[in-house]
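Convert by adding 990 to the 1-based position in the sequence shown; the result is the number in this note's numbering.
In what follows, a single structure is set out as C-alpha coordinates and then discussed.
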Amino acid sequence: MCHIACSVTNNRRSDIARNTAGHQRNVIFLAYSARHAETCAPWKCFIDGRAGVGKLAVRAQRDDSTVDLIMSNVTPINSVISNGARDDKGRWLRGPGRPIGSKNKISSELAKQIRALGPRAIAELAIAIDEKQAWAIQLVIKMVVPARLIELHGSEPADIRDAFENAEIGADELRTISAGLEKLASIETVEELRARLTELEAMIAAQK
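Right under this line is the structure:
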(Lines of atoms letter the chains of each structure in order from A and count residues from 1; the text may use other names and numbers.)
(Lines give C-alpha, C1' and ligand atoms only; values in the text may rest on other atoms or scores of the structure.)
Protein backbone atom coordinates (compact mmCIF):
# COMPACT_ATOMS: atom_id res chain seq x y z
CA MET A 1 0.00 0.00 0.00
CA CYS A 2 1.24 3.48 -0.81
CA HIS A 3 -0.41 6.61 0.57
CA ILE A 4 -1.14 9.72 -1.47
CA ALA A 5 -2.24 13.01 0.11
CA CYS A 6 -5.37 14.57 -1.37
CA SER A 7 -8.24 16.84 -0.36
CA VAL A 8 -12.00 16.52 -0.71
CA THR A 9 -14.27 19.26 -2.01
CA ASN A 10 -15.59 19.83 1.52
CA ASN A 11 -11.99 20.67 2.65
CA ARG A 12 -11.64 17.39 4.56
CA ARG A 13 -8.17 15.79 4.28
CA SER A 14 -7.98 12.11 3.40
CA ASP A 15 -5.34 9.44 2.99
CA ILE A 16 -5.61 7.49 -0.21
CA ALA A 17 -4.33 3.91 -0.14
CA ARG A 18 -3.85 2.52 -3.62
CA ASN A 19 -4.96 -1.02 -4.25
CA THR A 20 -2.10 -2.43 -6.31
CA ALA A 21 -3.83 -5.72 -7.05
CA GLY A 22 -5.65 -4.58 -10.19
CA HIS A 23 -4.22 -3.42 -13.48
CA GLN A 24 -7.32 -1.78 -14.97
CA ARG A 25 -7.03 1.57 -16.69
CA ASN A 26 -9.17 3.15 -13.97
CA VAL A 27 -7.04 2.49 -10.88
CA ILE A 28 -9.10 1.81 -7.74
CA PHE A 29 -8.28 3.59 -4.48
CA LEU A 30 -9.68 3.28 -0.98
CA ALA A 31 -10.01 6.64 0.80
CA TYR A 32 -10.28 6.92 4.56
CA SER A 33 -11.41 10.07 6.31
CA ALA A 34 -8.57 11.42 8.46
CA ARG A 35 -11.03 12.27 11.26
CA HIS A 36 -13.28 9.21 11.09
CA ALA A 37 -10.98 6.45 9.85
CA GLU A 38 -12.16 3.97 12.49
CA THR A 39 -15.91 4.63 12.38
CA CYS A 40 -16.69 5.35 8.72
CA ALA A 41 -16.54 3.00 5.78
CA PRO A 42 -13.90 3.80 3.18
CA TRP A 43 -14.65 5.65 -0.02
CA LYS A 44 -14.15 3.70 -3.24
CA CYS A 45 -12.36 6.02 -5.66
CA PHE A 46 -12.17 5.63 -9.41
CA ILE A 47 -9.19 7.52 -10.87
CA ASP A 48 -8.85 8.17 -14.59
CA GLY A 49 -5.23 8.81 -15.61
CA ARG A 50 -6.28 10.19 -18.98
CA ALA A 51 -6.94 13.64 -17.54
CA GLY A 52 -3.32 14.66 -18.23
CA VAL A 53 0.01 14.73 -16.47
CA GLY A 54 -0.50 15.56 -12.79
CA LYS A 55 -4.26 16.03 -13.30
CA LEU A 56 -6.29 13.06 -12.14
CA ALA A 57 -10.08 12.98 -12.35
CA VAL A 58 -11.21 11.32 -9.11
CA ARG A 59 -14.74 10.37 -8.06
CA ALA A 60 -15.35 8.72 -4.68
CA GLN A 61 -18.42 6.62 -3.89
CA ARG A 62 -19.66 5.26 -0.54
CA ASP A 63 -23.10 3.77 -0.12
CA ASP A 64 -25.35 6.21 -1.99
CA SER A 65 -22.99 9.20 -1.69
CA THR A 66 -20.72 10.50 -4.44
CA VAL A 67 -17.93 13.03 -3.87
CA ASP A 68 -15.44 14.55 -6.30
CA LEU A 69 -11.87 14.63 -5.00
CA ILE A 70 -9.33 17.29 -5.86
CA MET A 71 -5.78 15.95 -5.93
CA SER A 72 -3.17 18.19 -4.26
CA ASN A 73 0.56 17.95 -3.54
CA VAL A 74 0.87 15.29 -6.22
CA THR A 75 4.16 14.97 -8.08
CA PRO A 76 3.48 15.02 -11.85
CA ILE A 77 3.73 11.49 -13.18
CA ASN A 78 5.80 10.55 -16.18
CA SER A 79 4.22 11.11 -19.57
CA VAL A 80 4.72 7.45 -20.47
CA ILE A 81 2.75 6.38 -17.39
CA SER A 82 0.04 9.01 -17.95
CA ASN A 83 -0.55 7.61 -21.43
CA GLY A 84 -1.18 4.17 -19.93
CA ALA A 85 1.90 2.49 -21.47
CA ARG A 86 2.48 -0.90 -19.84
CA ASP A 87 4.39 -4.08 -20.55
CA ASP A 88 2.92 -7.50 -21.26
CA LYS A 89 2.58 -8.15 -17.51
CA GLY A 90 0.55 -5.00 -16.88
CA ARG A 91 3.38 -3.08 -15.19
CA TRP A 92 4.06 0.59 -15.89
CA LEU A 93 6.88 1.16 -18.36
CA ARG A 94 9.88 3.16 -17.22
CA GLY A 95 10.05 6.70 -18.61
CA PRO A 96 13.09 8.39 -20.16
CA GLY A 97 13.96 10.13 -16.88
CA ARG A 98 16.39 12.99 -16.52
CA PRO A 99 19.09 13.24 -19.22
CA ILE A 100 22.52 12.00 -18.15
CA GLY A 101 24.79 14.87 -17.14
CA SER A 102 21.98 17.40 -16.89
CA LYS A 103 22.30 20.03 -14.19
CA ASN A 104 19.82 22.09 -12.27
CA LYS A 105 19.37 25.23 -14.34
CA ILE A 106 18.60 27.42 -11.33
CA SER A 107 21.67 26.23 -9.42
CA SER A 108 23.93 26.78 -12.44
CA GLU A 109 22.65 30.30 -13.00
CA LEU A 110 22.98 31.11 -9.29
CA ALA A 111 26.57 29.83 -9.27
CA LYS A 112 27.40 32.05 -12.26
CA GLN A 113 25.95 35.09 -10.50
CA ILE A 114 27.93 34.36 -7.34
CA ARG A 115 31.17 33.95 -9.30
CA ALA A 116 30.48 37.25 -11.06
CA LEU A 117 30.38 38.98 -7.66
CA GLY A 118 33.93 37.85 -6.87
CA PRO A 119 35.79 40.94 -8.16
CA ARG A 120 33.37 43.27 -6.37
CA ALA A 121 33.78 41.34 -3.11
CA ILE A 122 37.58 41.58 -3.34
CA ALA A 123 37.33 45.31 -4.02
CA GLU A 124 35.10 45.83 -0.98
CA LEU A 125 37.49 43.73 1.13
CA ALA A 126 40.40 45.94 0.05
CA ILE A 127 38.41 49.05 1.01
CA ALA A 128 37.62 47.55 4.43
CA ILE A 129 41.31 46.80 4.99
CA ASP A 130 42.25 50.37 4.04
CA GLU A 131 39.70 51.55 6.60
CA LYS A 132 41.40 49.28 9.20
CA GLN A 133 38.26 47.29 9.91
CA ALA A 134 39.15 44.43 12.24
CA TRP A 135 36.98 41.77 10.57
CA ALA A 136 38.64 42.30 7.19
CA ILE A 137 42.15 42.13 8.64
CA GLN A 138 41.31 38.98 10.61
CA LEU A 139 39.81 37.35 7.53
CA VAL A 140 42.92 37.94 5.44
CA ILE A 141 45.24 36.74 8.21
CA LYS A 142 43.13 33.62 8.72
CA MET A 143 43.19 32.80 5.02
CA VAL A 144 46.91 33.52 4.47
CA VAL A 145 48.79 32.74 7.69
CA PRO A 146 48.85 29.13 9.00
CA ALA A 147 47.14 28.39 12.28
CA ARG A 148 50.51 28.16 14.06
CA LEU A 149 54.07 28.82 12.94
CA ILE A 150 56.53 26.19 14.13
CA GLU A 151 60.22 27.02 14.27
CA LEU A 152 62.53 24.00 14.37
CA HIS A 153 66.27 23.96 14.90
CA GLY A 154 66.65 21.32 12.20
CA SER A 155 64.76 18.91 9.98
CA GLU A 156 66.48 15.71 11.05
CA PRO A 157 64.45 13.08 12.93
CA ALA A 158 66.48 13.77 16.08
CA ASP A 159 65.60 17.49 15.92
CA ILE A 160 61.90 16.74 15.59
CA ARG A 161 62.05 14.24 18.45
CA ASP A 162 63.80 16.79 20.68
CA ALA A 163 61.14 19.41 19.86
CA PHE A 164 58.40 16.96 20.84
CA GLU A 165 60.16 15.91 24.05
CA ASN A 166 60.64 19.57 25.02
CA ALA A 167 56.90 20.25 24.43
CA GLU A 168 57.67 22.66 21.61
CA ILE A 169 55.28 20.76 19.33
CA GLY A 170 52.24 18.62 20.05
CA ALA A 171 51.42 15.07 19.01
CA ASP A 172 49.29 16.17 16.04
CA GLU A 173 52.04 18.51 14.85
CA LEU A 174 54.58 15.71 15.23
CA ARG A 175 52.48 13.42 13.00
CA THR A 176 52.02 16.16 10.41
CA ILE A 177 55.72 17.03 10.28
CA SER A 178 56.73 13.36 10.15
CA ALA A 179 54.32 12.66 7.28
CA GLY A 180 55.62 15.68 5.37
CA LEU A 181 59.27 14.70 5.83
CA GLU A 182 58.49 11.11 4.86
CA LYS A 183 56.88 12.29 1.64
CA LEU A 184 59.84 14.53 0.85
CA ALA A 185 62.23 11.65 1.51
CA SER A 186 60.29 9.37 -0.84
CA ILE A 187 60.41 12.03 -3.55
CA GLU A 188 64.17 12.40 -3.12
CA THR A 189 64.53 8.61 -3.32
CA VAL A 190 62.56 8.49 -6.56
CA GLU A 191 64.65 11.28 -8.05
CA GLU A 192 67.82 9.45 -7.04
CA LEU A 193 66.57 6.23 -8.65
CA ARG A 194 65.73 8.10 -11.83
CA ALA A 195 69.22 9.59 -11.94
CA ARG A 196 70.81 6.16 -11.49
CA LEU A 197 68.54 4.67 -14.15
CA THR A 198 69.60 7.40 -16.56
CA GLU A 199 73.26 6.62 -15.86
CA LEU A 200 72.69 2.89 -16.48
CA GLU A 201 70.88 3.58 -19.75
CA ALA A 202 73.79 5.78 -20.86
CA MET A 203 76.32 3.05 -19.97
CA ILE A 204 74.33 0.39 -21.86
CA ALA A 205 74.03 2.65 -24.89
CA ALA A 206 77.81 3.30 -24.85
CA GLN A 207 78.61 -0.45 -24.83
CA LYS A 208 76.52 -1.15 -27.93
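Ideal placement from N, C-alpha and C gives every residue a C-beta, glycine not left out.
Here the structure is a predicted model, which is why all the values come from computation and not from measurement.
Please name the residue or residues paired with residue 1082 in a DSSP beta bridge.
-> 1076
Could you pull the start and end residues of the alpha helix (DSSP H) that residue 1197 belongs to?
-> 1161-1197
Can you tell me whether DSSP reads residue 1105 as helix, strand or coil?
-> helix
Inter-residue Cα distance where the pair is residue 1088 and residue 1118 = 46 angstroms
Test item: CB-CB of residue 1154 and residue 1164 under 7 angstroms | yes
Report yes if the C-beta distance between residue 1126 and residue 1115 is below 7 angstroms; otherwise report no.
-> yes
In this structure, does DSSP put residue 1134 in helix, strand or coil?
-> helix
With distances taken from CA atoms, which of 1147, 1161 and 1193 is nearest residue 1175?
-> 1147
Can you give me the Cβ contacts of residue 1077 inside the same chain, cut-off strictly under 8 angstroms, excluding the 5 residues immediately before and after it?
-> 1083
Return the first residue and the last residue of the alpha helix (DSSP H) that residue 1148 is part of.
-> 1147-1155
Which of helix, strand or coil does DSSP assign to residue 1123?
-> coil
Near residue 1102, what residues of its chain come up, given a Cβ to Cβ distance below 7 angstroms and the 5 sequence neighbours on each side ignored?
-> none
Reference residue 1168, options 1086, 1132, 1123 and 1145, closest by Cα | 1145
How about residue 1078: is its C-beta nearer than 7 angstroms to some C-beta of chain C?
-> Protein chain content of the structure displayed is limited to a single chain, and chain C is not contained in it.
For residue 1117, which of helix, strand or coil comes out of DSSP?
-> helix
Where residue 1142 falls: helix, strand or coil (DSSP) | coil
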